[in-house]
Structure formats: C-alpha cells, structure tokens
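Per the working numbering, the very first residue in the sequence shown carries number 382; after that it's consecutive. A virtual CB, placed ideally from N, CA and C, is assigned to each residue, including glycine. Keep in mind it's a predicted model, so treat the numbers as computed, not measured.
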Amino acid sequence: MAALKSIFQASHSLAPHREHMESTPLAIPMTPAQPQLTIIAAPFRLRGFDLEVGHRANTRFGTTLITGHPGFDESLDESARRTFLQWIGCDAQYIEQLYTLSTERVDKREVAVSFIALFRQDACVGPSDNRMHWSLVDGLEIQDDIHRMVFDYALLRLRAKFGYTNIAFHLLPESFTLSELQQTYEHVLGHPVDKRNFRRRMTASGTLINTNEVRRDGSHRPAALFEFATQDDHAAYLTPSWAAATFSHRRDESDSGT
C-alpha cells in the first residue's frame, strides 16, 4: 500500500511538468539562408615596370580585393566588367574568370566567383572617392583569408600565362622596345631572365611585329620598336571554339546596337 502511495505521489508531482511539456511547441530547425553570390576581382597594372594590384583598404576585414554582386540580367563576365569599371573607372584590357569557391563566415554563407583583369597604366585615372588603391604585389598584406587566396592564385595565374601566351600585350603600350618587353617580363615573373635567350625566343615566336620605327633614349643607340601581332590576341588561347563564337556574336550585336 505504501508503495502504491509513493508511486501516486511521484506521478502527481510530475503532472505539472508534463502539462508544461505538452503545451510547449516543438522547435523547428530554421532553413539556412541562401548563400550570397559575390565577385572577388584582382586587377593588375604596370606602373613604370612595377607590377601593382588594385585593392581596398580600411574595410572591416582590413585590406581586401575589390568586390561586386551580379545583376539579375547580367552574365558573370558582364558583372565582373561592370565591377572593374565601377571601381577603377575604365574597361579592363583583359579579363578572365579564375575559379569559384564557397565560404562560411560567422554571419553569412557566400559563394565567390574570382576574376583577374589587366589594365594599361595610362588607360584611366580611376574614381575620385579614393576607395581604390594600387600597391606593389610584393609585400602586400591582405588580411582576409579568402581574398588572400584569390590574390595568390591570380598572381600565380598571371605569371604562368606569361610563359605561353602574349598576355603582356594588355599591360604594355601599343609599341615597345625589346628591352621594355624584357623588363615587363622580369617584373611580372619576379626574377631576371637571360637577355639573349629571351630575345631569341620572342623574335622566333611569331607574336611580335617589327614596326620599322626606332626610339632614341638619350645617348643610347636607337632601339627598334615592336608591337604584338593582332592575330595572336588573348582570345586565341584556352578559349573553346563555341565560347569564342558566342563572344564574337555578342560583340557584333553590341556594335550593331541590336
């Protein structure tokens, strides 16, 4: 009898807790927010023969590359071109999509599409609000891990393409001497190159045209001026035929105003 009484008392004491549990709604897991799509862009230019990268400073993440967001009616390439135009003030001479990565920060999830672009140093003066800065690639400290990863790969990609394309065309003026071309290669690659082998390789590659003009600097001998062959533009490299045809079709439509 005593045992039954103790069981009754125990069940009675739990009743209020049971009622509280039954009246409490179940916790339903929240659906995670859709990840934000962001463009992270690494613009490069030459100042003299020094290679510089464009970036932002004093953001909440410290020094970062420039960023943008795709528009609803834009392709990723079009969004990247608009981003470069807004930050730098002129169209890029060359643009290439690098890779896509997903990140997870404390306050958001993000899918980032990275781009590299090249500008001639005399192509534009840049925006007037001083949000944009240019710094030498050597020694630049980017605090944000994702932006530093994009910068490192963009620089690696640029240096690699100097070895098998004429991508230097987009950093140099229309005409140049072989010495200027060599200095450009040395500053981009980050190490000296043998003068004789470099000149032999460049003249034998078929990518240069002698303009039959010369330039005299001070008391030095006149130096021959060269330019890149137009038929060897960047579109000829690593571009599938279908992509080249699509790009050409869009460019023709843009030129015709349709």
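Taking the CB atoms as reference points, tell me whether residue i and residue j lie closer together than 8 Å.
| i | j | result |
| --- | --- | --- |
| Leu-537 | Val-434 | no |
| Leu-552 | Leu-446 | no |
| Thr-592 | Glu-608 | yes |
| Arg-441 | Arg-512 | no |
| Ile-421 | Thr-444 | no |
| Tyr-566 | Phe-543 | yes |
| Ser-483 | Pro-416 | yes |
| Thr-546 | Arg-596 | no |
Going by C-alpha to C-alpha distance, which of the options sits closest to residue i?
| i | options | result |
| --- | --- | --- |
| Gln-648 | Arg-577, Gln-417, Ala-585, Asp-431 | Outside the modelled stretch of the chain, which goes from 382 to 639, sits residue 648, for which no answer is possible. |
| Leu-466 | Thr-444, Ala-498, His-601 | Ala-498 |
| Glu-594 | Ala-605, Leu-482, Ser-586 | Ala-605 |
| Ile-527 | Lys-542, Ala-610, Arg-490, Leu-562 | Arg-490 |
| Gln-478 | Leu-457, Ala-549, His-568, Ile-469 | Leu-457 |
| Ser-642 | Gly-452, Phe-425, Glu-455, His-601 | A query on residue 642 cannot be resolved here, the shown segment of the chain reaching from 382 to 639 and no further. |
| Pro-424 | Gly-452, Pro-573, Leu-539 | Leu-539 |
| His-450 | Cys-471, Val-494, Asn-439, Gly-470 | Val-494 |
| Ala-535 | Tyr-480, Ile-469, Asp-598 | Tyr-480 |
| Gly-470 | His-514, Gly-587, Arg-582, Arg-529 | His-514 |
| Asp-519 | Gly-571, Ser-556, Glu-555 | Gly-571 |
| Ala-610 | Gly-587, Glu-455, Gly-429 | Gly-587 |
Quick one: give me the first and last residue of the alpha helix (DSSP H) that residue i is part of.
| i | result |
| --- | --- |
| Tyr-566 | 559-570 |
| Asn-591 | Looking at the DSSP string, Asn-591 is not in any alpha helix (DSSP H); the run it does join, the beta strand (DSSP E), is 589-596. |
| Gln-467 | 457-469 |
| Leu-539 | 526-542 |
| Arg-577 | 576-585 |
Return the Cβ separation of residue i and residue j in integer angstroms, given the expectation that the two are a contact with Cβ distance under 8 Å.
| i | j | result |
| --- | --- | --- |
| Leu-418 | Val-492 | 5 Å |
| Phe-500 | Gln-474 | 6 Å |
| Leu-562 | Ala-541 | Incorrect: roughly 18 Å between the Cβ atoms, too far for contact. |
List the endpoints of the continuous beta strand (DSSP E) containing residue i.
| i | result |
| --- | --- |
| Asn-547 | Neither: Asn-547 is in no beta strand (DSSP E) and is coded neither H nor E. |
| Gln-417 | 417-428 |
| His-436 | 431-440 |
| Gln-490 | One point to set straight first is that residue 490 is Arg, not Gln, in the sequence displayed. Arg-490 -> beta strand (DSSP E) spans 490-500. |
| Phe-609 | 604-609 |
| Leu-479 | 475-485 |
| His-601 | Per DSSP, His-601 belongs to no beta strand (DSSP E) and is neither H nor E. |
| Ser-556 | Where Ser-556 is concerned, there is no enclosing beta strand (DSSP E), given that its DSSP letter is neither H nor E. |
| Ile-447 | 447-449 |
| Lys-517 | Strictly speaking, residue 517 in this sequence is Leu, with Lys absent from that position. 513-517 is the span of the beta strand (DSSP E), which, as asked, contains Leu-517. |
Cβ pair count under 8 Å reaching 3, the stretch 453-464 against the stretch 568-580: No, because fewer than three Cβ pairs between the stretch 453-464 and the stretch 568-580 fall closer than 8 Å, the two stretches do not touch.
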